[in-house]
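Residue numbers (the numbering used here), protein chains in the order written: chain A, -10 to 260; chain H, -10 to 260. Each residue gets a CB set at the ideal place from its N, CA and C atoms; glycine is no exception. Keep in mind that this is a model prediction, so the values were computed, not measured. A short write-up of the structure that comes next.
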């Protein structure tokens, strides 16, 4: 390939970095692809780093050593972050979301890539450099969000199932008590899905009583693994007795009495 | 903000475009954010377009008119595409993937963001400009891949459930016959999840007999909607009688007799 201009090279570098969040990429890769000396690529990277940081679009970190290179940490500017949380609050306030049983319909939010990708950047920002091995969720509604967090952290997703599937091979199943309704439920995870002694975070749509999170802790114990963090889109603060104490959320919500609607506000984590 | 250099502007434009696939972004947005005239931004965009096309990293299309602007269509170079399909084949050949019942364990592939994001770009490339409204899948294993396709197409995901959840409000439920084992199963979808007269595509991990795809067609009928395309990671060509005829896949697989392993090859769509 002929020589490319600096303009062209920084476009290609930006594209590759943003598509491989939290993955170390050696300068050789850029050097080969773009037919330029490593010293030239290093200068290009300075430009990419400076403008991304200036616009709060993420960080480019340098990793020294033989296995070194650069990696991209996704970011979102403070104002967009607050605006995003406020937009979610507005959407949740819509009374037509309340379905029989005083539950709130949030499926459309959880399956909208525009929303999920932003929420994923916000939640994952808490977990870089914590040595997380897997992002764990329970089927079904939290899967896209958990996937986005896993993609940003550059690690695999693990989905716990409610039932046993023949395609999963041997599984470990536990019973747990749902924090909200006190009912006994099951969680099942393939023995192959995780290496022992892993560090995991749990990502979901809602946190109510924390029973599911407690169940995941117990299940991870069976894999000699550890739950080191929890992140959700919505914290139901109407349920005051939680079985877990440390978690982050993007918005907080409380059902008002007599189906009069909801009180919703951005979480402290966002402000 | 002070004036930025062209190098800096093209980095920011690339970042915004790649994070908003298939979404029309007005030049005003770039002009405001980067404090530059629209004519300058237009020149920047030419640079971004040329290098992304040259490296087969995607296309930047111009949409004329009042609601116009530019949009980014993700792409993957032909060689990476083939290499990717061959890597999947290698992974699938591993005999330890065969679990009791002669099923193949593919959960690790379907939950790995590095794999799913590439497969998502490849499958979505078939469906740009087809006016797709929703990407549909059935829980659970295909969700991350379906989400990636939805993200690339800039449209919402719809997840069909096996059971009825209280948090979904009123649902439509149908019975269908699984193509592989002939058993009757259920699919359930919230009435709120889709506008009537929508065009949908179905994305999943495996296609065996096509019974699930046929079930989805029937369920979409209940929403006065239409299935206009199917894409899967793996086509099991050992099952020769399919209930659907048009679909794309990335690799083809056939179980050999007596659990002797698998025959796997890239699909024609890839080559």
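Is residue i buried or exposed, if buried means 16 or more other CB atoms sit within 10 Å of its CB?
i	result
residue 206/H	buried
residue 54/H	exposed
residue 83/A	exposed
residue 245/A	exposed
residue 170/H	exposed
residue 35/H	exposed
residue 120/A	exposed
residue 27/H	exposed
residue 140/A	buried
residue 135/A	buried
residue 56/A	exposed
residue 229/H	exposed
residue 257/A	exposed
residue 172/A	exposed
residue 10/A	buried
residue 43/A	exposed
residue 107/A	buried
residue 211/A	exposed
residue 184/H	exposed
residue 155/A	exposed
residue 235/A	exposed
residue 21/H	exposed
residue 157/A	buried
Residues in the same chain with beta-carbon distance under 6 Å from residue i, minus the five sequence neighbours each way, listed in chain order, please.
i	result
residue 243/H	226, 227, 252
residue 159/A	180
residue 250/H	84
residue 105/H	133, 134, 137
residue 117/H	62
residue 177/H	150, 153, 160, 162
residue 115/H	237
residue 74/H	239, 240, 255, 259
residue 6/A	61
residue 45/H	64, 66
residue 15/A	58
residue 199/A	168, 231, 232, 233
Leaving out five residues before and five after residue i in sequence, what residues of the same chain have Cβ atoms less than 8 Å from its Cβ?
i	result
residue 349/H	Residue numbering for chain H in the displayed model covers -10 to 260; residue 349/H lies beyond these limits and cannot be assessed.
Going along the chain, which residues of its own chain have a beta-carbon closer than 7 Å to the beta-carbon of residue i, five neighbours each way excluded?
i	result
residue 70/A	111, 259
residue 203/H	165, 232, 233
residue -5/H	33
residue 283/A	Missing from the structure shown is residue 283/A; chain A here goes from -10 to 260 and no further.
residue 18/A	none
State the DSSP-derived secondary structure class of residue i, mapped to helix, strand or coil.
i	result
residue 0/A	helix
residue 30/A	helix
residue 67/A	helix
residue 13/A	coil
residue 116/A	coil
residue 83/A	coil
residue 137/H	helix
residue 131/H	coil
residue 50/A	strand
residue -7/H	coil
residue 44/H	coil
residue 35/H	helix
residue 88/H	strand
residue 196/H	strand
residue 57/H	coil
residue 105/A	helix
residue 124/H	strand
residue 72/H	helix
residue 18/A	helix
**Asked** Just checking, does the region 136 to 148 of chain A make contact with the region 96 to 103 of chain H on the three C-beta pairs under 8 Å criterion?
**Response** Three or more beta-carbon pairs drawn from the region 136 to 148 of chain A and the region 96 to 103 of chain H are found closer than 8 Å, and the two stretches are therefore classed as touching.
**Item:** At least 3 beta-carbon pairs within less than 8 Å: the region 184 to 191 of chain A vs the region 214 to 225 of chain A
**Value:** Because the criterion of three Cβ pairs below 8 Å is met, the region 184 to 191 of chain A and the region 214 to 225 of chain A touch.
**Prompt:** Is it true that the region 64 to 80 of chain H meets the region 117 to 133 of chain A, where meeting means three or more beta-carbon pairs spaced less than 8 Å apart?
**Reply:** The answer is no - the region 117 to 133 of chain A does not touch the region 64 to 80 of chain H, with fewer than three Cβ pairs under 8 Å.
**Asked** Which residue spans inside the region 141 to 181 of chain H form an unbroken beta strand (DSSP E) run of at least 3?
**Response** You should have 146 to 149, 160 to 166, 173 to 179.
**Message:** Count Cβ pairs between the region 35 to 49 of chain H and the region -3 to 7 of chain A that sit closer than 8 Å; are there 3 or more?
**Reply:** Yes, the region 35 to 49 of chain H is in contact with the region -3 to 7 of chain A.
**Asked** Which parts of the region 202 to 258 of chain H are runs of the beta strand (DSSP E), unbroken and 3 residues or longer, counting only runs that do not cross its ends?
**Response** If we require 3 residues or more, the beta strand (DSSP E) runs fully inside the region 202 to 258 of chain H come out as 215 to 225, 237 to 244, 251 to 255.
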